[in-house]
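**Q** Under my numbering, residues 9 to 239 are what the sequence shown spells out, in order. Just so it is clear, CB atoms sit at the ideal spot from N, CA and C, and this is done for glycine as well.
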Amino acid sequence: MTAPLTPHDHSSPLPHHPGADGDPGKGGDLRKEVLAEAGRGVLTAVLVAVCGVALGLLWLWLSPRVPLISDGKAVYLKDTEGEEAIGGDGTFALIAAGLGVLTAAAVFWRRRQGGIGVVLGLAAGGVLASVIGWRIGVWLGPDTNIAAHAMRVGPKVVFDAPLELRAKSALVAWPAAAMVVHLLLTSAFGPRDTPEPPPQEKPFTPYWAPSAGPPAAAGPATPPPPPADEE
Numbered sequence: 009m010t011a012p013l014t015p016h017d018h019s020s021p022l023p024h025h026p027g028a029d030g031d032p033g034k035g036g037d038l039r040k041e042v043l044a045e046a047g048r049g050v051l052t053a054v055l056v057a058v059c060g061v062a063l064g065l066l067w068l069w070l071s072p073r074v075p076l077i078s079d080g081k082a083v084y085l086k087d088t089e090g091e092e093a094i095g096g097d098g099t100f101a102l103i104a105a106g107l108g109v110l111t112a113a114a115v116f117w118r119r120r121q122g123g124i125g126v127v128l129g130l131a132a133g134g135v136l137a138s139v140i141g142w143r144i145g146v147w148l149g150p151d152t153n154i155a156a157h158a159m160r161v162g163p164k165v166v167f168d169a170p171l172e173l174r175a176k177s178a179l180v181a182w183p184a185a186a187m188v189v190h191l192l193l194t195s196a197f198g199p200r201d202t203p204e205p206p207p208q209e210k211p212f213t214p215y216w217a218p219s220a221g222p223p224a225a226a227g228p229a230t231p232p233p234p235p236a237d238e239e
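1) In the DSSP assignment, what are the bridge partners of residue 78?
2) Return the first residue and the last residue of the alpha helix (DSSP H) that residue 92 is part of.
3) Give the single residue among 38, 114, 135 and 125 whose Cα lies nearest to the Cα of residue 178.
4) Find the nearest neighbour of residue 117 within the set 79, 37 and 193, judged by alpha-carbon distance.
5) So residue 168 and residue 73 are supposed to be a Cβ contact under 8 Å. How far apart are they, rounded?
6) Measuring CB to CB, does residue 175 end up less than 8 Å from residue 97?
7) Using CA atoms only, rank isn't needed, just tell me which of 162, 52, 55 and 63 is closest to residue 102.
8) Verify whether the separation of the beta carbon atoms of residue 137 and residue 189 is less than 8 Å.
9) Pairs of beta-carbons, one from the region 106-125 and one from the region 43-61, closer than 8 Å: are there three or more?
10) When you compare each of 180, 85 and 124 to residue 154 by their alpha carbons, which one comes out closest?
11) Roughly how many angstroms lie between the CA atoms of residue 128 and residue 198, to the nearest whole one?
12) For the alpha helix (DSSP H) that contains residue 160, what are its first and last residues?
13) For a test of the three-state rule: what should DSSP assign to residue 37, helix, strand or coil?
14) Select from 146, 157 and 46 the residue whose C-alpha is nearest the C-alpha of residue 124.
15) Rounded to a whole number of angstroms, what is the C-alpha to C-alpha distance between residue 94 and residue 159?
16) Which first and last residues belong to the alpha helix (DSSP H) in which residue 166 is found?
17) By a C-beta neighbour count over all protein chains shown, 10 Å radius and 16 as the cutoff for buried, is residue 36 buried or exposed?
18) Between 183, 171 and 130, which has its C-alpha nearest residue 52's C-alpha?
19) Drop a sphere of 10 angstroms on the beta-carbon of residue 115, count the other beta-carbons inside from all chains shown, and report buried for 16 or more, exposed for fewer.
20) Leaving out the 5 sequence neighbours to the left and right, which residues in its chain are closer than 6 Å to residue 19 when beta-carbon positions are compared?
Below, the structure is given as C-alpha cells:
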C-alpha cells in the first residue's frame with residue numbers, strides 16, 4: 009500500500025520583500041520628492057546668485073583705486089610701491105565671505121530642515137554670485153581700455169585703473185564661507201532625529217516544522233477496584 013501523494017508546496021521560505029512587486033505608488037512619491045528637492049535647490053541658487061549684484065556694487069565702492077599716469081607715449085603706475093592692486097582682491101574676498109555668511113544664515117532660517125538640494129543650491133548660487141559681482145564691478149568701474157582712457161584725460165593727469173580680480177581664487181570665498189556657516193548652524197540648531205525603539209524579536213519557526221496533530225482520543229475510564237469485604 010503506498011502513501012498518499014501530497015501536493016508540493018512551491019512557496020518560498022524567504023520573507024516577502026516589500027518592494028518586490030514594484031509598488032507604483034512608492035515610485036511616484038520618490039519621484040515627487042526628488043523633483044521637489046531639485047526645485048528647492050534651483051530656487052536657492054537663483055536667490056543667492058541675485059545677491060551678486062550687491063557684491064559688485066560694494067566692491068566698486070570699497071575697493072582701493074590704482075592710480076595711473078601717462079606721459080603721452082606710455083602709461084605708468086603713479087605709485088610703483090603701492091599695494092592697491094592686492095587690496096582690491098582682498099576687498100573682494102572679504103565682501104564675498106561676509107555675504108556668504110549672511111546668505112547661509114538666511115537659507116538656514118528659511119529652510120531649517122536642510123536637504124541636499126538646498127546645500128547644493130547654496131554652493132552653486134555662491135559661485136554664480138561671485139562671478140556676477142566680479143563682472144558688474146568691472147563693468148561699472150573705470151574704463152577697461154587704458155590707452156583710450158589715457159588719451160582722453162591727457163598726459164600728466166592721474167586716472168584710475170580698471171577694477172581687476174587678479175586672484176581668481178577669491179571667487180570661492182562666498183561658497184566656502186556659506187558652506188562652513190550652514191554646516192555649523194545645522195549642527196548646532198538643526199532638528200534632531202529621534203531614535204526609534206528597537207524592534208521586538210519574534211521566535212523563529214521553521215517552515216518545515218510539523219504541525220501539531222489532533223489530540224489523542226481518551227480511552228474508557230478504568231473502574232476503581234471494589235472495596236474489600238469487611239469481616
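**A** This is what the structure holds:
1) According to DSSP, which records beta bridges pairwise, residue 78 is partnered with 83.
2) According to the DSSP assignment, residue 92 belongs to the alpha helix (DSSP H) that extends over 92-118.
3) Looking only at 38, 114, 135 and 125, the smallest Cα-Cα distance to residue 178 is reached by 135.
4) Out of 79, 37 and 193, the CA that lies nearest to the CA of residue 117 is found in 193.
5) Taking 8 Å as the upper bound for CB-CB distance, residue 168 and residue 73 are in contact here, some 4 Å apart.
6) Taking C-beta atoms as the reference points, residue 175 and residue 97 count as a pair closer than 8 Å.
7) Taking each of 162, 52, 55 and 63 in turn and checking the Cα distance to residue 102, the smallest one comes out for 63.
8) It is not a contact, given that the beta carbons lie outside the stated cut-off.
9) With a cut-off of 8 Å, the region 43-61 and the region 106-125 count as touching, because enough Cβ pairs lie within range.
10) Comparing alpha carbon positions, the residue from 180, 85 and 124 closest to residue 154 is 85.
11) A direct Cα-Cα distance of roughly 17 Å separates residue 128 from residue 198.
12) First-last of the alpha helix (DSSP H) with residue 160: 154-161.
13) Helix, per DSSP.
14) Nearest C-alpha to residue 124: 46.
15) Cα to Cα, residue 94 sits roughly 26 Å from residue 159.
16) No alpha helix (DSSP H) contains residue 166, which DSSP labels as neither H nor E.
17) With fewer than 16 other Cβ atoms inside 10 Å of its own Cβ, residue 36 counts as exposed.
18) Looking at the Cα atoms, 130 is the closest of the given residues.
19) It is buried - the Cβ of residue 115 has at least 16 other Cβ atoms within 10 Å.
20) Residue placement at residue 19 is poorly supported in this model, since its pLDDT is 49, which falls under 50; the coordinates are not used for a value here.
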